[in-house]
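Q:
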Amino acid sequence: MGVFFLLVLLDLIPPGGMLGVLVNWPPHEEGNAMTTEHIDDSTVTVPPSRGYSGTKEDYHKRLRRIEGQVRGIARMVEEDTYCIDVLTQVSAVTKALHAVSLGLLEDHIGHCVVNAAQSSPTEGQEKVAEAAAAIARLVRS
Numbered sequence: 002m003g004v005f006f007l008l009v010l011l012d013l014i015p016p017g018g019m020l021g022v023l024v025n026w027p028p029h030e031e032g033n034a035m036t037t038e039h040i041d042d043s044t045v046t047v048p049p050s051r052g053y054s055g056t057k058e059d060y061h062k063r064l065r066r067i068e069g070q071v072r073g074i075a076r077m078v079e080e081d082t083y084c085i086d087v088l089t090q091v092s093a094v095t096k097a098l099h100a101v102s103l104g105l106l107e108d109h110i111g112h113c114v115v116n117a118a119q120s121s122p123t124e125g126q127e128k129v130a131e132a133a134a135a136i137a138r139l140v141r142s
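Next comes the structure, spelled out in structure tokens:
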């Protein structure tokens, strides 16, 4: 289902990418740079950002919680805790990591794949292939 969504998404991207519009850009020495004129922004260099950048702190919190759970499992093994209790905690950590993986994948598709598809069809296809491989790895795990 996810790969199908990506392919549908790519069909929505116009050939040749997108054009940008600068509006209310801060004034500079020669006056106001405000414009509504279309410009080709394909040559603009933007620092790389990741799809999860906006939720980075949430991921940090979840991963720290998982880290604490793993330490708890190690302590349980050290203390010879009953096997089923240890396995229950291992299952909880596995599910928590799976949830993080799905969130990262969703963010990747919504940001990285979409941006690549808007940049060029070739880049978009490469990102779709990466996402498909990631989905396959998640399904196998």
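In our numbering, the protein residues as written are 2 to 142.
No residue lacks a Cβ here, since even glycine has one placed at the ideal position from N, Cα and C.
#1: When DSSP labels each residue in this structure, what does Glu127 get in the three-state scheme?
#2: Between the stretch 65–81 and the stretch 95–112, can you find at least three pairs of beta-carbon atoms closer than 8 Å?
#3: What whole-angstrom Cβ distance do Ala117 and Glu124 have, given they're in contact under 8 Å?
#4: Out of Val101, Glu80, Arg76, which has the shortest C-alpha to C-alpha gap to Lys57?
#5: Does DSSP put Asp81 in a helix, in a strand, or in coil?
#6: Within the same chain, show all residues whose beta-carbon is closer than 8 Å to that of Glu127, passing over the 5 residues directly before and after it, in chain order.
#7: Between Lys62 and Leu105, what straight-line distance do the alpha-carbon atoms span, to the nearest angstrom?
#8: Going by DSSP in three states, Ser102 sits in which element: helix, strand or coil?
#9: Does the beta-carbon distance from Gln70 to Gln90 come in below 8 Å?
#10: Smallest Cα separation from Arg51: which of Arg76, Glu79, Cys113?
A: The answer reads as follows:
#1: Here residue 127 refers to the residue found at position 126 of the sequence shown. Note: Glu127 maps to helix in three-state DSSP.
#2: Judged by Cβ distances under 8 Å, the stretch 95–112 makes contact with the stretch 65–81, as three or more pairs qualify.
#3: By 1-based counting over the sequence shown, the position of residue 117 is 116. By 1-based counting over the sequence shown, the position of residue 124 is 123. Ala117 to Glu124, Cβ: 4 Å. Contact.
#4: On the sequence shown, residue 57 is found 56 positions in, with the first residue counted as 1. When each option's Cα is compared against that of Lys57, the closest is Val101.
#5: In the sequence shown, counting from the first residue as 1, residue 81 sits at position 80. Looking at Asp81 - three-state DSSP - the assignment turns out to be coil, as it is neither helix nor strand.
#6: Mapped onto the sequence shown, residue 127 falls at position 126. Counting only Cβ-Cβ distances below 8 Å, and skipping sequence neighbours, we find Ala117.
#7: Translated into positions along the sequence shown, residue 62 becomes position 61. Translated into positions along the sequence shown, residue 105 becomes position 104. Here the alpha carbons of Leu105 and Lys62 stand approximately 14 Å from one another.
#8: Position 101 of the sequence shown, counting from 1, holds the residue named residue 102. The three-state reading of DSSP puts Ser102 in helix, counting H, G and I together.
#9: To locate residue 70, count along the sequence shown from 1; it is residue 69. To locate residue 90, count along the sequence shown from 1; it is residue 89. For the pair Gln70 and Gln90, the CB atoms are nearer than the 8 Å cut-off.
#10: As a first step, residue 51 is located in the sequence shown; it is residue number 50 there, counting from the start. Nearest of Arg76, Glu79, Cys113 to Arg51, Cα basis: Cys113.
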